[in-house]
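Structure first, then comments.
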Amino acid sequence: MERKKLSGLPAGTIDTLLFDLDGTLIDMSAKATFLFYLRAFFRFRPLFNPVSFCLSFKKSIAAVLSNRSDRFNHDVFLEHMARCGRTTPDAVDRLVSEMIEKDFRSLKPYFTPVARARDAVCLAKALGYRLAIVTNPVFPARTVLYRLEWAGLDAADFFWITHSQNMSRTKPGVAFYTELLARLALEPTRCLMIGNSPEEDLPARDAGIRTFLVETRLSAKAVRRSFADNRLDTCGGYDDLMAWMKKEKGRPP
33 MERKKLSGLP AGTIDTLLFD LDGTLIDMSA KATFLFYLRA FFRFRPLFNP VSFCLSFKKS
93 IAAVLSNRSD RFNHDVFLEH MARCGRTTPD AVDRLVSEMI EKDFRSLKPY FTPVARARDA
153 VCLAKALGYR LAIVTNPVFP ARTVLYRLEW AGLDAADFFW ITHSQNMSRT KPGVAFYTEL
213 LARLALEPTR CLMIGNSPEE DLPARDAGIR TFLVETRLSA KAVRRSFADN RLDTCGGYDD
273 LMAWMKKEKG RPP
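The numbering used here numbers the first residue of the sequence shown as 33 and each following residue consecutively.
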């Protein structure tokens with residue numbers, strides 16, 4: 033299958049760009065994941081032993097991913113962890129806050145901005161596009177804001193940033209995208225979802241949102257394997273995306 037080019041998108045219709053975060057704007061090393069869970073274990077030692085923490089954390093994240101209630105994902109996580117630890121949601125929340133500020137922040141050296149991503153975001157802002165961060169809302173706002181900072185981006189440039197404290201659905205469910213559209217009163221045909229994951233980002237198309245998969249050093253193979261997916265509207269590198277934006281806005285390449 034051939035690469036689906038940005039020129040195939042309807043001209044002059046898209047005014048809102050929805051950027052995924054992890055793997056799209058910033059990369060994270062495998063060591064960061066290991067260290068995060070290791071430090072989380074030590075942070076939660078007052079409430080959980082090693083075995084119970086692992087099982088409780090896994091069950092609580094699973095509850096977030098399967099959330100079908102009108103409660104925000106963060107509240108679902110706290111309630112499940114509290115129930116498993118026979119404590120209160122407030123007690124869990126205090127430890128989560130400590131973990132973010134004292135442990136997660138220390139992982140900055142293990143995050144790397146994706147090449148040309150910041151340039152694309154800055155150009156989009158300069159050209160007048162509305163910008164949103166549409167990351168999987170499993171973790172609280174502070175974890176997302178720190179990653180944006182580490183990617184060299186300003187949170188103030190985005191009119192909406194998804195996180196576990198303002199969303200009740202998660203990727204890859206189509207319900208995540210329909211919730212986003214409803215919450216922000218967005219017209220799907222005027223939006224472009226920009227991500228790196230066929231599994232998590234292409235379901236946006238089932239909600240009527242156009243899709244662009246960015247080919248980075250780490251995502252190129254997965255993107256190429258998705259060429260035949262009807263939910264993929266277009267793909268390419270950040271230079272391709274920037275050239276398309278300039279053409280759409282009548283600017284010289």
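We treat Cβ as the ideally placed atom computed from N, Cα and C, and that holds for glycine.
Predicted model, so just to flag it, every value in this text is computed and none were measured.
Exposed unless 16 or more other CB atoms sit within 10 angstroms - verdict on residue i
{"i": "Pro285", "result": "exposed"}
{"i": "Arg237", "result": "buried"}
{"i": "Ser229", "result": "buried"}
{"i": "Thr120", "result": "exposed"}
{"i": "Asp52", "result": "buried"}
{"i": "Thr144", "result": "exposed"}
{"i": "Asn262", "result": "exposed"}
{"i": "Gly227", "result": "buried"}
{"i": "Leu57", "result": "buried"}
{"i": "Pro172", "result": "buried"}
Distance between beta carbons of residue j and residue i, contact taken as under 8 Å
{"i": "Ser258", "j": "Leu273", "result": "Wrong, their Cβ atoms sit about 17 Å apart, outside the cutoff."}
{"i": "Lys37", "j": "Gly268", "result": "7 Å"}
{"i": "His112", "j": "Ser92", "result": "4 Å"}
{"i": "Tyr142", "j": "Met60", "result": "6 Å"}
{"i": "Leu163", "j": "Ala64", "result": "Their Cβ separation, rounded to whole angstroms, is 25 Å, which puts Leu163 and Ala64 out of contact at 8 Å."}
{"i": "Thr243", "j": "Met225", "result": "5 Å"}
When the options are compared against residue i, the one with the closest alpha-carbon
{"i": "Arg137", "options": "Ala152, Leu180, Val124 and Pro121", "result": "Leu180"}
{"i": "Leu49", "options": "Gln197, Phe208 and Leu159", "result": "Leu159"}
{"i": "Lys278", "options": "Lys157, Pro145 and Thr202", "result": "Lys157"}
{"i": "Pro220", "options": "Ala239, Ser196, Pro78 and Asp233", "result": "Ala239"}
{"i": "Arg103", "options": "Gly282, Ile165 and Glu211", "result": "Glu211"}
{"i": "Asp233", "options": "Pro204, Gln197, Asn81 and Arg77", "result": "Pro204"}
{"i": "Leu110", "options": "Tyr270, Arg126 and Ala188", "result": "Arg126"}
{"i": "Tyr209", "options": "Ser88, Pro169 and Ala94", "result": "Pro169"}
{"i": "Glu247", "options": "Asp265, Glu231, Tyr270 and Pro235", "result": "Tyr270"}
{"i": "Ala275", "options": "Ala152, Ser101, Ala114 and Leu87", "result": "Ala152"}
Assigned secondary structure, residue i (DSSP; H/G/I helix, E/B strand, else coil)
{"i": "Leu126", "result": "Sequence check: residue 126 is Arg here, not Leu. Three-state DSSP puts Arg126 in a helix."}
{"i": "Thr248", "result": "coil"}
{"i": "Leu216", "result": "helix"}
{"i": "Thr48", "result": "strand"}
{"i": "Arg257", "result": "helix"}
{"i": "Gly282", "result": "coil"}
{"i": "Gly269", "result": "coil"}
{"i": "Gly227", "result": "strand"}
{"i": "Arg237", "result": "helix"}
{"i": "Arg242", "result": "strand"}
{"i": "Leu38", "result": "helix"}
{"i": "Ala43", "result": "coil"}
{"i": "Arg263", "result": "coil"}
Below-7 Å beta-carbon distance, residue i vs any chain D residue
{"i": "Leu212", "result": "Chain labels in this structure do not include chain D; a single protein chain is all it has."}
- Enumerate, from N- to C-terminal direction, the unbroken beta strand (DSSP E) stretches of 3 or more residues contained entirely within the region 55-79. Counting whole runs of 3 or more residues, the region 55-79 contains the beta strand (DSSP E) stretches 58-60.
- Item | Entirely enclosed alpha helix (DSSP H) segments - the region 147-214, minimum 4 residues | Within the region 147-214, the complete alpha helix (DSSP H) runs of at least 4 residues fall at 149-158 and 173-182.
- Query: Unbroken alpha helix (DSSP H) runs of length 4 or more, entirely within the region 83-145: which are they?
  - Reply: Complete alpha helix (DSSP H) runs here, min 4: 105-117 and 121-130.
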